[in-house]
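Take a look at the structure set out below.
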Amino acid sequence: MKIIVALVVGLALYTIMRVLNRMRQQSIQNIWIGGFLKALPIIEFSSWTGFIFWIIAEFFYDQVYYVYLLVVLIGVLVVLLAWFLGRDYIAGTIIKAQNVYKVGQPVTIENQHGTIKKIGNLHLTIRTDRGDDAHIPYSSLTNKTIIQERSNDISVQVMRLELPDSLSADEWVRKIRKTLVINPYVFSGSDSVITITPKESGFLAEVHASTLNDEHALHVEKQLARLSGN
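Numbering-wise, numbering that gives the first Met the number 0 puts 90 at position 91 of the sequence shown, and it's gapless, one number per residue.
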């Protein structure tokens, strides 16, 4: 009976993971579902680990060598985890030493196209054209990586917005510049130009910022509009 239960649970777990992995390859609009699927490799690893521990407990709990089995299994898991993390860390160290990638650089890696948001210790974080973040492990980077030419992709966008007089012109400039610096859609390799013109009630701001395309410029403009409460 235990064998049948174990087979049913194992088959069910395998089927669920196959379905979730297929969903992960598709574009998911829901933020919560998309976030869950991004963490699927960790969830799958944890699920199979728990399943193996459960199998050992079910079939070998009464055996004198049960403790030794657990010790061996834990040792194997530690080795696998160290290898999984170590390969990305070592590959990342080599890639960062070559100075191939820069934050704000437009890039196409596998089927992901966008700009580099963060160069981490284990993976690259790319802000895609859809506006979400894709984490690319360094160990998965291959010769298929394509770096887009900056001169062809980066363009200066002009954005105008009305601002209240709750802050001075200098304070608005600093606030806008800070917003642009932390915005992943703004190309960090260029300096933005901000001009503040006084009006009868408030200010008119003209912002020149470099983005990858018009869609990214629209995201930047929406974020700037929130500063004025619009």
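From the three backbone atoms N, C-alpha and C, an ideal C-beta is built for every residue, glycine too.
So, for residue i: in the same chain, excluding its five sequence neighbours on each side, which residues have a beta-carbon less than 8 angstroms away from its beta-carbon?
i, result
"L12", "S46, W47 and F50"
"V157", "E205, V206 and H207"
Quick one: what's got a C-beta closer than 7 angstroms to residue i's C-beta in the same chain, skipping five residues either side?
i, result
"G9", "F50"
"I195", "A168, W171, V172, F202 and A204"
"I238", "The question about residue 238 has no answer, for the chain in this structure spans 0 to 229."
"F59", "Y65 and L68"
"N182", "V219 and Q222"
Please return the same chain residues whose Cβ sits closer than 6 angstroms to the Cβ of residue i, not counting the five positions on each side in sequence.
i, result
"E57", "K1"
"Y184", "T210, H215, H218 and V219"
"L226", "none"
"M16", "E43"
Over the uninterrupted beta strand (DSSP E) stretch that includes residue i, give me the two end residues.
i, result
"S191", "Careful: S191 lies outside any beta strand (DSSP E) and carries neither H nor E."
From what residue to what residue does the alpha helix (DSSP H) around residue i run?
i, result
"G49", "L39 to F59"
"L226", "D213 to L226"
"E170", "A168 to I181"
Under the assumption that residue i contacts residue j (Cβ atoms under 8 angstroms), give the Cβ distance between them as a whole number of angstroms.
i, j, result
"T124", "H134", "6 angstroms"
"K95", "I115", "Actually they are not in contact, since the Cβ atoms of K95 and I115 sit about 12 angstroms apart, beyond 8 angstroms."
With 16 other CB atoms within 10 Å as the buried threshold, where does residue i fall?
i, result
"S191", "buried"
"N20", "exposed"
"V106", "buried"
"Q104", "buried"
"G113", "buried"
"I108", "buried"
"L179", "buried"
Check whether the Cβ of residue i lies closer than 6 angstroms to any heavy atom of the ligand FMN, and answer yes or no.
i, result
"E199", "In terms of ligand content, the structure shown is empty, and the ligand FMN therefore cannot be addressed."
For this session: Check whether the segment 77-95 touches the segment 113-123, taking contact to mean three or more Cβ pairs, one atom from each stretch, closer than 8 angstroms.
Result: Counting Cβ pairs under 8 angstroms, three or more are found: they touch.
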